[in-house]
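Colleague: Dumping the structure here so I can ask a few things about it.
Numbering (the numbering used here), first residue to last: 2 to 789.
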């Protein structure tokens, strides 16, 4: 901040000197500051222009896209410098003269100060947050990767996100969120997927709370795009990560990333695996029917993820890329769900269940990227096809006096899902301040579910659910002075058909317009104000519409609802970002109007009043609003803090059974992450989170909190890192709730959260020349600062 004030004073002092100078006789220096290893813009880097003797003349700060402009320079010789914390200073002599007053330095690539030039990816010490025009980007640093072994375990440390004990992720208090990996959707369930991605493989996490028309409109609360590390360095390079989690059960994780680049070809691949046991226990007391349900669940699983691909750089203008992902998951959950009556005990029911779950997901992706002569003018053609083959065998065994009418049985479920997507995207920056984007997309989804059971009370079923989406989008953005805007619209045609045992049970098609608008105002180089609007849709997922039973306990059966309608959301939000020398502050508020909201409900089973039915329904139109505050502050070179506060409120109303209910629900979270640099090689971390109690339409979750601590030590010339993390130190991370609908109940669920994680990573190889990055259609990192 002192440096900024000094620059400001010097600028004031120079105003009188320039007052009598013809503007045409003054010089300008422009360019962009980039991270050399990550090939990404560096926002808020300091630009200074001094005399050869060191006297300061003027300066600037780069915008969020790394660009800068230093104006009103008299003829003369100057020393130009670009600086940013943690990077080597760039210095260059420039000469402003009559024949050279518009100096375009171009891209300036800053190198990290640490000696990691031979690594596959340089991971920053601290995680940073950037507010771009249509998203918030969390650049994952070593402080986050130390937090946990997988993506699932670090999500709770990120503002706006929360992960429950089952691994289900929510954004701004809502689970209707879309997960992308490198801008691509996946058939793998989000909870399972996040547990399979090693945290060390994550480069950044994009929180797109109000996506533009360029993005598919699914996800009420927005999009979470996980960007994985990529590499195309010359020669052979690699990165090894491994770790073990110790607690009530033991889990392991490991990954190996490699690439070989020579000439026009770049071969890359990675292998990731994790597995082990994860347990959960629960107790539900039913005061209406005077019984206690005790649930114990233990999942013994292992997964393997393979990715191989090649980039072919035909020339500077044309690139062909192909890769395939092969994901294998083997799970063997088993446990028990017991009904214990207060009186008489002879009515007790004991259920044991054993499940074998195997699934294979295969993805094939092809991209052709053509660059036109002008910078940023390009055409991208992409085809993506993925299939998932899943088989589940479940055995349910009943004992106890109350189980006389419950026969043991077996379920066999086979599920086949395929997704095929074709994209054509065109980008044309008409000038340095205006940009047009056009695109077309076709998405074809097919799913088939074959359910077979030995339970005489249930029927076998064949269920097919197919849908097609055809869309076209256009966005236009422009910068002028301190203002930036982007307007867009997406037009979609959607049709769906559901067939149960050969009979058509649901069919619909509709044509929808999804507009989006963004407006940004840069108060100064350190302060930015932004407002945005977007319309989105949540189409029912397969698990929400599938009438085939998902799971069952002696008192609860879960099924989908095949006649669910989509819900639409109109969202508006306002964000403010303030950067200063020792940190930054971001604040935002949002408001949503949800039409025909989809919610999970617990009903009395109409076929058996002693049982409950867990399913989905469309409720009435609802509203939600909230506020988020987050900051980053480094009071000393050895200590940094990242606090955040989130408040979410919603009005929920609808019919539960025959009763109409309406409730105002408010919940708030507070998180604080601290990092302490004990030495250049040893860093300690401390993280805490508190979540308040809340009131929902059917249940009232209680408050909870937890504290994690970690340490990281670097050695072997910073090529190797050893990490230690202690999760849930006080063993307080649990889910507790009460409810009066449809019965008076209270419950408590506790997972295997108190653990110790030990991890090791090692980088090897000799690549030093960064090549052209692979282009990802949805990995749009060009919209920082303004639109460009």
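Note that beta-carbon positions come from the ideal geometry of N, C-alpha and C, so glycine has one too.
Just verifying my parser: in three-state terms, what is the DSSP assignment at residue 92?
Modeller: On the chain shown, position 91 is the one that residue 92 refers to. It is a strand residue.
Colleague: Can you give the Cα-Cα distance for residue 360 and residue 328, rounded to whole angstroms?
Modeller: Taking the first residue of the chain shown as 1, we reach residue 360 at position 359. Taking the first residue of the chain shown as 1, we reach residue 328 at position 327. Each residue's alpha carbon lies about 8 Å from the other.
Colleague: Taking residue 663 as the reference, which of 699, 90, 710 has the closest Cα?
Modeller: Residue 663 sits at position 662 when you count from the first residue of the chain shown. From the listed residues 699, 90, 710, the smallest Cα separation to residue 663 is found for 699.
Colleague: Taking the beta strand (DSSP E) that residue 395 belongs to, which residues open and close that run?
Modeller: One-based indexing of the chain shown puts residue 395 at position 394. Run containing residue 395: 379-400, per the beta strand (DSSP E) assignment.
Colleague: Assuming contact is defined by CB atoms lying nearer than 7 Å, are residue 652 and residue 665 in contact in what I supplied?
Modeller: Start at 1 with the first residue of the chain shown, and residue 652 comes out as number 651. Start at 1 with the first residue of the chain shown, and residue 665 comes out as number 664. Going by C-beta atoms, residue 652 is nearer than 7 Å to residue 665.
Colleague: Quick check: what's the CA-CA separation for residue 539 versus residue 191?
Modeller: Position 538 of the chain shown, counting from 1, holds the residue named residue 539. Position 190 of the chain shown, counting from 1, holds the residue named residue 191. The alpha-carbon atoms of residue 539 and residue 191 are separated by roughly 16 Å.
Colleague: Here's a check: name, in chain order, each residue in its chain whose Cβ is nearer than 6 Å to the Cβ of residue 21, leaving out the five neighbours to either side.
Modeller: Along the chain shown, read from residue 1 onward, the residue named residue 21 stands at position 20. With a pLDDT of only 43 at residue 21, under the threshold of 50, the placement of this residue in the model should not be trusted; the figure read from the coordinates follows. Excluding five sequence positions before and after residue 21, none of the CB atoms of its chain fall closer than 6 Å to its own CB.
Colleague: In terms of residues, what are the limits of the beta strand (DSSP E) holding residue 319?
Modeller: Along the chain shown, one-based indexing puts residue 319 at 318. Note, residue 319: beta strand (DSSP E), 319-342.
Colleague: Does the count of Cβ pairs from the segment 195-210 and the segment 151-163 closer than 8 Å reach three?
Modeller: yes
Colleague: Let me check understanding here. Comparing Cα to Cα, which of 36, 466, 479, 484 lies closest to residue 507?
Modeller: Working through the chain shown from its first residue, we reach residue 507 at position 506. Comparing Cα-Cα distances from residue 507 to each of 36, 466, 479, 484, the minimum goes to 466.
Colleague: What's the gap between the Cα of residue 225 and the Cα of residue 209?
Modeller: On the chain shown, position 224 is the one that residue 225 refers to. On the chain shown, position 208 is the one that residue 209 refers to. Between residue 225 and residue 209, the alpha-carbon positions lie close to 6 Å from each other.
Colleague: Quick check: the segment 451-466 against the segment 429-438, are there 3 or more CB pairs under 8 Å?
Modeller: no
Colleague: Under the DSSP definition of a beta bridge, which residues are partnered with residue 601?
Modeller: Within the chain shown, residue 601 is the residue found at index 600, counting from 1. DSSP output for residue 601 lists 617 as bridge partner(s).
Colleague: Establish whether the CB of residue 341 and some CB of chain D are separated by less than 7 Å.
Modeller: Of the protein chains in this structure there is only one, and it is not chain D.
Colleague: Evaluate residue 316 with the Cβ neighbour count: other Cβ atoms within 10 Å of its Cβ, from every protein chain shown; 16 or more gives buried, anything less gives exposed.
Modeller: By one-based count along the chain shown, residue 316 stands at place 315. Residue 316 is exposed by the Cβ-count criterion.
Colleague: Using CA coordinates, which residue listed in 275, 596, 309 is at the minimum distance from residue 365?
Modeller: Position 364 of the chain shown, counting from 1, holds the residue named residue 365. Here the closest residue by C-alpha is 309.
Colleague: Would a C-beta distance cut-off of 7 Å place residue 358 and residue 387 closer than the cut-off?
Modeller: Locating residue 358 in the chain shown gives position 357, counting from the first residue. Locating residue 387 in the chain shown gives position 386, counting from the first residue. The answer is no: Cβ separation not under 7 Å.
Colleague: Determine the burial state of residue 514: buried for a count of at least 16 other Cβ atoms within 10 Å of its Cβ, exposed for fewer.
Modeller: Taking the first residue of the chain shown as position 1, residue 514 is located at position 513. The residue in question, residue 514, is exposed, as its Cβ has fewer than 16 Cβ neighbours within 10 Å.
Colleague: Considering only their Cβ atoms, is the gap separating residue 248 from residue 755 smaller than 7 Å?
Modeller: Start at 1 with the first residue of the chain shown, and residue 755 comes out as number 754. Start at 1 with the first residue of the chain shown, and residue 248 comes out as number 247. Yes. Within cutoff.
Colleague: Smallest Cα separation from residue 608: which of 557, 631, 161?
Modeller: Position 607 of the chain shown, counted from the first residue, corresponds to residue 608. The residue with the shortest Cα to Cα distance from residue 608 is 557.
Colleague: For residue 154, report the span of its alpha helix (DSSP H) as first-last.
Modeller: As a working mapping, residue 154 is identified with position 153 in the chain shown. Here the alpha helix (DSSP H) through residue 154 covers 152-155.
Colleague: Below 8 Å, can you find three or more Cβ-Cβ pairs linking the segment 365-375 to the segment 405-416?
Modeller: no
Colleague: Over what stretch of residues does the alpha helix (DSSP H) that includes residue 544 continue unbroken?
Modeller: Taking the chain shown and counting its residues from 1, the one referred to as residue 544 is at position 543. Here the alpha helix (DSSP H) through residue 544 covers 543-546.
Colleague: Quick check on residue 403: does DSSP put it in helix, strand or coil?
Modeller: On the chain shown, position 402 is the one that residue 403 refers to. DSSP places residue 403 in the helix class (H, G or I) of the three-state scheme.
Colleague: How do the segment 483-490 and the segment 444-456 stand: do at least 3 beta-carbon pairs fall below 8 Å, yes or no?
Modeller: Short answer: they don't touch.
Colleague: Report buried or exposed for residue 383, applying the criterion of at least 16 other Cβ atoms within 10 angstroms of its Cβ.
Modeller: Counting from one through the chain shown, the residue named residue 383 turns up at place 382. Buried, because 16 or more other Cβ atoms sit within 10 Å of the Cβ of residue 383.
Colleague: For residue 753, does the count of other Cβ atoms within 10 angstroms reach 16, so buried, or fall short, so exposed?
Modeller: Walking along the chain shown from the start, residue 753 turns up at place 752. Burial is judged here by how many other beta carbons sit within 10 angstroms of a residue's own beta carbon; residue 753 has at least 16 and is buried.
Colleague: In terms of residue numbering, what span does the beta strand (DSSP E) encompassing residue 256 cover?
Modeller: Start at 1 with the first residue of the chain shown, and residue 256 comes out as number 255. From DSSP, the beta strand (DSSP E) with residue 256 extends over 251-263.
Colleague: If distances are taken between C-alpha atoms only, which option among 140, 49, 27 comes closest to residue 101?
Modeller: As a working mapping, residue 101 is identified with position 100 in the chain shown. It is 27.
Colleague: Any contact between the segment 615-632 and the segment 575-593? By contact I mean 3 or more CB pairs, one from each, below 8 Å.
Modeller: Yes: at least three Cβ pairs fall under 8 Å.
Colleague: Which same chain residues, not among the five before or five after residue 520, have their C-beta less than 6 Å away from its C-beta?
Modeller: Counting from 1 along the chain shown, the entry for residue 520 is found at position 519. Cβ neighbours of residue 520 beyond the five flanking positions: 486, 532.
Colleague: What first and last residue would you give for the beta strand (DSSP E) that runs through residue 424?
Modeller: Translated into the one-based positions of the chain shown, residue 424 becomes position 423. Residue 424 -> beta strand (DSSP E) spans 410-429.
Colleague: Grab the span of the beta strand (DSSP E) containing residue 272 for me, first residue to last.
Modeller: Within the chain shown, the letter at position 271 stands for residue 272. Residue 272 -> beta strand (DSSP E) spans 266-287.
Colleague: Applying the 10 Å Cβ sphere with the 16-neighbour rule, what's the burial state of residue 524?
Modeller: What you label residue 524 is simply residue 523 of the chain shown in a count that begins at 1. Looking at its Cβ environment, which holds fewer than 16 other Cβ atoms inside 10 Å, residue 524 is exposed.
Colleague: Which of the three DSSP states is assigned to residue 158 in this structure?
Modeller: Position 157 of the chain shown holds residue 158. Note: residue 158 maps to helix in three-state DSSP.
Colleague: Determine the direct distance from the alpha carbon of residue 362 to that of residue 330, and round the result to whole angstroms.
Modeller: On the chain shown, residue 330 is found 329 positions in, with the first residue counted as 1. On the chain shown, residue 362 is found 361 positions in, with the first residue counted as 1. Roughly 9 Å between the two C-alpha positions.
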